[in-house]
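Participant: Residue numbers (UniProt numbering): 1 to 240. All C-beta atoms in this analysis are idealised placements derived from N, C-alpha and C, irrespective of residue type, glycine included. Just so you know, these numbers come straight off a predicted model, no measurement behind them.
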Amino acid sequence: MNTQNNLDTRSEAASEIDAGQVADYLRRHPDFFEQQPQLLTQLELSHPSGAAVSLIERQVESLREQNRQYKHKLMELVQIGRDNDALHQNLHRLTVALMQAHGLEAALQTLFDHLYGEFNADAVALAIQGLPRAVASEQVRLIHAGEPALCQFERVLQQGQCLCGHLRPEQLDYLFGDRVTRVQSAALLPLGGTPAVGMLAIGNEDANYYHPGMDTHFLRNLSDLIGCALAPYLEAPEPA
1 MNTQNNLDTR
11 SEAASEIDAG
21 QVADYLRRHP
31 DFFEQQPQLL
41 TQLELSHPSG
51 AAVSLIERQV
61 ESLREQNRQY
71 KHKLMELVQI
81 GRDNDALHQN
91 LHRLTVALMQ
101 AHGLEAALQT
111 LFDHLYGEFN
121 ADAVALAIQG
131 LPRAVASEQV
141 RLIHAGEPAL
151 CQFERVLQQG
161 QCLCGHLRPE
171 QLDYLFGDRV
181 TRVQSAALLP
191 LGGTPAVGML
201 AIGNEDANYY
211 HPGMDTHFLR
221 NLSDLIGCAL
231 APYLEAPEPA
């Protein structure tokens with residue numbers, strides 16, 4: 001008797017299939033539920049609400065959730081497109097304004113006005129060599145090649161990289177001075193080729209406004225524009 005029970009148990013175990021086999025079968029036979037439509041209402045699945053629902057109801061809810069996610073992603077892409085369009089419009093207006101500016105002081109004032117007014121800058125600092133001493137101010141710092149303090153900006157000045165994110169306290173102090181408390185994130189733009197003759201720092205009170213993962217394509221265009229606009233006013237570098 002015991003022998004027969006053992007044989008029956010082994011026979012039942014051998015006839016069972018695991019979940020992986022079921023899933024594999026359904027993948028190979030996607031029309032299975034079309035041939036067995038009654039199962040769609042007979043099968044019940046747990047729902048986050050705690051109630052049991054049929055397979056077809058669960059599928060419908062899953063499709064609805066996917067649709068909501070796609071709509072959310074689409075709205076994000078639409079907003080990104082609008083933001084990019086606004087940035088390019090602002091860049092165009094700045095380009096025209098700089099072309100119409102007469103003289104260095106007018107060009108600098110035009111640049112700062114647009115950065116504060118249309119590019120959401122909370123603080124701006126220009127550190128550059130070759131400009132006349134008369135334009136030095138809180139926002140314009142005249143630098144000289146070989147200054148020890150410039151080593152902390154090597155990636156910008158020597159490698160010509162645009163940098164975004166959180167600056168170190170000593171970098172913030174060098175660029176923004178007393179205005180450092182207003183800057184939580186910043187973008188650094190090299191000006192005038194590689195190695196650069198200077199850099200423009202744009203600070204923002206939002207700690208996440210500029211971050212290392214953001215696309216710097218627009219900032220590179222802005223860097224090229226400003227570098228070209230200031231180039232006619234730069235004096236020839238002193239011989240080493």
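#1: Return the Cβ separation of H144 and Q158 in integer angstroms, given the expectation that the two are a contact with Cβ distance under 8 Å.
#2: Does the contact criterion of 3 or more C-beta pairs under 8 Å hold for the stretch 94-105 versus the stretch 178-194?
#3: Where Q152 and L219 are concerned, what is the direct C-alpha to C-alpha distance, given to the nearest angstrom?
#4: Quick one: is Q35 buried, meaning 16 or more other Cβ sit within 10 Å of its Cβ, or exposed?
#5: Apart from the five residues just before and just after L7, which ones in its own chain have a Cβ nearer than 8 Å to its Cβ?
#6: Identify whether I17 lies in helix, strand or coil by the three-state DSSP scheme.
#7: Roughly how far, in whole angstroms, is the beta-carbon of residue 246 from the beta-carbon of A149, given that I think they are within contact range, below 8 Å?
#8: Please check the pair L131 and L234, which I expect to be a contact at CB under 8 Å, by giving their CB distance rounded to whole angstroms.
#9: Does R168 come out as helix, strand or coil in the three-state DSSP assignment?
#10: Tell me, please, which residues DSSP counts as bridged to N204.
#11: For Y210, I'd like the list of residues in its chain whose CB is within less than 7 Å of its CB, leaving aside the five on either flank, ordered along the chain.
#12: Can you check whether the CB of L175 is closer than 8 Å to the CB of L189?
#13: With DSSP collapsed to three states, give me the class of V197.
#14: My output table needs one value for A106: the three-state DSSP class, helix, strand or coil.
#15: Does the beta-carbon of I17 have 16 or more other beta-carbons within 10 angstroms, so that it is buried, or is it exposed?
#16: Could you have a look at A134 and say whether DSSP puts it in helix, strand or coil?
#17: Taking Cβ to Cβ, would you say I226 is nearer than 8 Å to V124?
#18: Consider the Cβ of I143: report whether some Cβ of chain B lies at a distance smaller than 8 Å.
#19: Which residue marks the beginning of the alpha helix (DSSP H) containing residue 250, and which one marks its end?
#20: Terminal residues of the continuous beta strand (DSSP E) containing V156?
#21: Below 8 Å on the Cβ atoms is my guess for T216 versus C162; work out the distance and round it to an integer in Å.
#22: Closest by CA to residue 304, which one among N208, A134, D122?
#23: By DSSP, does G94 sit in helix, in strand, or in coil?
#24: Since E34 is in the alpha helix (DSSP H), which residue starts that stretch and which ends it?
Facilitator: Inspection of the coordinates gives the following:
#1: Not quite, the Cβ-Cβ distance comes to about 15 Å (not below 8 Å), so this is no contact.
#2: no
#3: 20 Å
#4: exposed
#5: Per-residue confidence for L7 stands at a pLDDT of 42, beneath the threshold of 50, marking its modelled position as unreliable; the derived number appears in the next sentence. Excluding sequence neighbours, L7 sits near nothing in its chain.
#6: coil
#7: No answer is possible for residue 246: it lies beyond the span of the chain, which begins at 1 and ends at 240.
#8: 6 Å
#9: coil
#10: S185
#11: C164, G165, S185, A186, A187, N204
#12: no
#13: coil
#14: helix
#15: exposed
#16: helix
#17: no
#18: The structure shown contains no chain B; it holds only a single protein chain.
#19: Outside the displayed range of the chain (1 to 240) lies residue 250, so it cannot be described from this structure.
#20: Looking at the DSSP string, V156 is not in any beta strand (DSSP E); the run it does join, the alpha helix (DSSP H), is 154-157.
#21: 4 Å
#22: Outside the displayed range of the chain (1 to 240) lies residue 304, so it cannot be described from this structure.
#23: Per the sequence shown, the amino acid found at residue 94 is Leu instead of Gly. Three-state DSSP puts L94 in a helix.
#24: 32-35
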